[in-house]
Amino acid sequence: MSYLGNPPWESGITPPELIDFIASHPPGRALDLGCGSGTNVITLAQHGWQAAGIDYIPRAIRAGRKKAHHADVDVNLRVDDIIKTENMGGPYDLVLDMGCYHGLPLSLRPAYRRNLIDILDKEGTYLLYALTTEDAEHIPGVSQADIDGFSQIGRMEFFLAQLHIFAISESGDNHGIG
Ligand SMILES: C[S@@+](CC[C@H](N)C(=O)[O-])C[C@H]1O[C@@H](n2cnc3c(N)ncnc32)[C@H](O)[C@@H]1O
Numbered sequence: 021m022s023y024l025g026n027p028p029w030e031s032g033i034t035p036p037e038l039i040d041f042i043a044s045h046p047p048g049r050a051l052d053l054g055c056g057s058g059t060n061v062i063t064l065a066q067h068g069w070q071a072a073g074i075d076y077i078p079r080a081i082r083a084g085r086k087k088a089h090h091a092d093v094d095v096n097l098r099v100d101d102i103i104k105t106e107n108m109g110g111p112y113d114l115v116l117d118m119g120c121y122h123g124l125p126l127s128l129r130p131a132y133r134r135n136l137i138d139i140l141d142k143e144g145t146y147l148l149y150a151l152t153t154e155d156a157e158h159i160p161g162v163s164q165a166d167i168d169g170f171s172q173i174g175r176m177e178f179f180l181a182q183l184h185i186f187a188i189s190e191s192g193d194n195h196g197i198g
């Protein structure tokens, strides 16, 4: 993955679901997993959130810090691997993933979900934006088995209640599936 050009998913626009979430929840602590150049971290900070983002591409984090400086907001953007890191902070009121989880190899996804449970506040919300696939083994995306995997972890009552998945269908329509 390269940050030499403008990656096609780097729209620089915060999606309406996150804007709605911000409008309907008091500011708290947020973490964006695979934050890229931090567009959504900056948006959260602009609305009073204590916002952090992790991405393992140093160039993305450097770009994000520059954007945050220009926007005059205080954010915590750092280079790290969301799977390997042992200190992601938390608990967070909001954990966000826009386009990161669905690209992870299947073998790493259980570790991601375990980390998530550790860092998400019991009353917290997890927002996942992902492409869906029926064959996650071969085609990047989130399958039904993935969604079931989110429900199989420990404190599932609160977790399931807080899980929102926004999938992008093949036709390009966005719709909530969880
Ligand atoms: C499709 S991009 C989305 C970026 C950003 N969330 C956005 O919506 O603009 C996926 C991002 O996840 C990051 N990523 C993928 N696997 C990661 C990992 N294991 N640890 C940290 N970042 C990761 C990539 O570097 C990339 O910036």
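Count along the sequence shown from 1, add 20, and you get the number used in the working numbering. The beta carbon of each residue, even a glycine, is placed where N, CA and C say it ideally should be.
{"query": "Compute the minimum distance between the beta carbon of Asn135 and the heavy atoms of ligand 1, and state whether it is under 8 angstroms.", "result": "no"}
{"query": "Let me check understanding here. Comparing Cα to Cα, which of Phe170, Ala131, Asp94 and Asp100 lies closest to Ile62?", "result": "Asp94"}
{"query": "Starting from Thr63 and walking both ways along the alpha helix (DSSP H), at which residues does that stretch end?", "result": "Thr59 to Gln66"}
{"query": "How would you call Ile139, buried or exposed, if buried means at least 16 neighbouring beta carbons within 10 angstroms?", "result": "buried"}
{"query": "Looking at ligand 1, does it come within less than 8 angstroms of Asn107, judged from the CB to the closest heavy atom?", "result": "no"}
{"query": "Going by the DSSP bridge assignment, what does Arg49 pair with across the sheet?", "result": "Gln70"}
{"query": "For Asp101, I'd like the list of residues in its chain whose CB is within less than 6 angstroms of its CB, leaving aside the five on either flank, ordered along the chain.", "result": "Tyr76"}
{"query": "For Gly84, which three-state DSSP category applies?", "result": "helix"}
{"query": "Which residues mark the beginning and the end of the alpha helix (DSSP H) in which Glu37 is found?", "result": "Pro36 to Ser44"}
{"query": "Near Val162, what residues of its chain come up, given a Cβ to Cβ distance below 8 angstroms and the 5 sequence neighbours on each side ignored?", "result": "Tyr121, His122, Leu148, Ala150, Leu151, Thr152, Thr153, Ala156, Ile185 and Ala187"}
{"query": "Which residues bound the beta strand (DSSP E) around Asn96?", "result": "Asn96 to Val99"}
{"query": "Which of the three DSSP states is assigned to Ala91 in this structure?", "result": "helix"}
{"query": "Do you know offhand how far Leu136's Cα is from Ile39's?", "result": "22 angstroms"}
{"query": "In its own chain, which residues sit with a C-beta less than 8 angstroms from the C-beta of Gly117, not counting the 5 before and 5 after it?", "result": "Contrary to the premise, residue 117 reads as Asp rather than Gly in this sequence. Asp52, Leu53, Gly54, Tyr146, Leu147, Leu148, Tyr149 and Ala150."}
{"query": "May I ask whether a heavy atom of ligand 1 can be found less than 8 angstroms away from the beta carbon of Tyr146?", "result": "no"}
{"query": "So, with DSSP's three-state summary, where would you put Ala156?", "result": "coil"}
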